[in-house]
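Structure, as structure tokens:
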Amino acid sequence: GIQVEQSPPDLILQEGANSTLRCNFSDSVNNLQWFHQNPWGQLINLFYIPSGTKQNGRLSATTVATERYSLLYISSSQTTDSGVYFCAVGSMDTGRRALTFGSGTRLQVQP
Amino acid sequence: EAQVTQNPRYLITVTGKKLTVTCSQNMNHEYMSWYRQDPGLGLRQIYYSMNVEVTDKGDVPEGYKVSRKEKRNFPLILESPSPNQTSLYFCASSPRAGGPSYEQYFGPGTRLTVT
Numbered sequence: 001g002i003q004v005e006q007s008p009p010d011l012i013l014q015e016g017a018n019s020t021l022r023c024n025f026s027d028s029v030n031n032l033q034w035f036h037q038n039p040w041g042q043l044i045n046l047f048y049i050p051s052g053t054k055q056n057g058r059l060s061a062t063t064v065a066t067e068r069y070s071l072l073y074i075s076s077s078q079t080t081d082s083g084v085y086f087c088a089v090g091s092m093d094t095g096r097r098a099l100t101f102g103s104g105t106r107l108q109v110q111p
Numbered sequence: 112e113a114q115v116t117q118n119p120r121y122l123i124t125v126t127g128k129k130l131t132v133t134c135s136q137n138m139n140h141e142y143m144s145w146y147r148q149d150p151g152l153g154l155r156q157i158y159y160s161m162n163v164e165v166t167d168k169g170d171v172p173e174g175y176k177v178s179r180k181e182k183r184n185f186p187l188i189l190e191s192p193s194p195n196q197t198s199l200y201f202c203a204s205s206p207r208a209g210g211p212s213y214e215q216y217f218g219p220g221t222r223l224t225v226t
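First to last, the protein sequences are chains A and B. Residues in the first sequence are numbered from 1 upward in steps of one, following the numbering used here. Residues in the second sequence are numbered from 112 upward in steps of one, following the numbering used here.
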């Protein structure tokens, strides 16, 4: 099956700093989503971005499908950004639409 | 507000006592799915449904049942829960099962503990 690798696994930032999270995937995809899992366990949809670039406030994402990677940018980080960020992809080979999740980047923003 | 809801959000139960976790979406989505999240194993698909009365197994279906009698609801049934089903469960939905892929929307999660 498709492999999804996220880096870095852990990241500690001071409030106000910027960061870039990376997601590499091993095959063509028809879906790519970024999620933030907050300390209460909820998965928050950040972006649906199988290709191209999107921005939402301090967050933006870029997916280069031909090179099989996606980047999530967080600018001017806040303590509420803490949590785990997941990249999830949907393979073109399966009709069951299962998302394959990466192992996540655990972000801690310190005041 | 467009959303996926799950109930209960937290549940502690004992081995063998049947339980149902409900999932409902108000977006008229055809596709619905259940995942479980475990430390070190990530999120894995349990069952999915392409439409009413159409369900199929995901990666880890053993010990679970589902039904899809109505478009909006997709309950997850544990007939005889065991401690290895202790996990964080997520329901997800997506518009239209066929054609190109669409964004999936996740519920808030149900934290289940089986003692």
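Note that beta-carbon positions come from the ideal geometry of N, C-alpha and C, so glycine has one too.
At least three beta-carbon pairs within less than 8 Å, the stretch 95 to 104 of chain A to the stretch 45 to 62 of chain A
no
When you check each C-beta in the stretch 45 to 64 of chain A against every C-beta of chain B, which residues fall closer than 8 Å?
Correct list: N45, Y48 and P50.
Taking E141 of chain B as the query, report the chain A residues whose CB atoms sit under 9 Å from its CB, ordered along the chain.
The contacting residues do not exist; E141 of chain B stays about 10 Å from chain A at best.
Answer yes or no: the CB of Q42 of chain A versus the heavy atoms of the ligand HEM, is any distance below 7 Å?
For the structure depicted, the ligand HEM is absent and the ligand set is empty, with no information on it obtainable.
In terms of residues, what are the limits of the beta strand (DSSP E) holding F201 of chain B?
S198 to S205
Quick one: Cα of G220 of chain B to Cα of A17 of chain A, how far?
Each residue's Cα considered, the two are about 30 Å apart.
Run through chain B and tell me which residues come within less than 8 Å of R106 of chain A, C-beta to C-beta.
The premise fails here: R106 of chain A is roughly 12 Å from chain B at the closest Cβ pair, so nothing lies under 8 Å.
Expected contact under 8 Å - CB spacing of P114 of chain A and T105 of chain A to nearest Å:
This structure gives no information on residue 114 of chain A, because the portion of chain A shown stretches from 1 to 111.
Taking just the CA atoms, how far does G127 of chain B sit from V84 of chain A?
33 Å
Chain-ordered residues of the stretch 162 to 187 of chain B with a beta carbon less than 8 Å from chain A:
So the list reads D167, G169 and D170, given in the order they occur along the chain.
Could you please give the first and the last residue of the uninterrupted beta strand (DSSP E) stretch that includes W145 of chain B?
Y142 to D149
Contact belief for V89 of chain A with F25 of chain A at Cβ below 8 Å, rounded distance in angstroms
5 Å
When you compare only the Cα positions, how much space is there between R183 of chain B and K54 of chain A?
30 Å
Under the three-state reduction of DSSP, which class applies to T224 of chain B: helix, strand or coil?
strand
Specify, as a first and last residue, the run of the beta strand (DSSP E) that G83 of chain A falls within.
G83 to S91
With a cut-off of 8 Å on the beta carbons, I'd call V29 of chain A and S103 of chain A a contact; round off their distance for me.
Incorrect: roughly 17 Å between the Cβ atoms, too far for contact.
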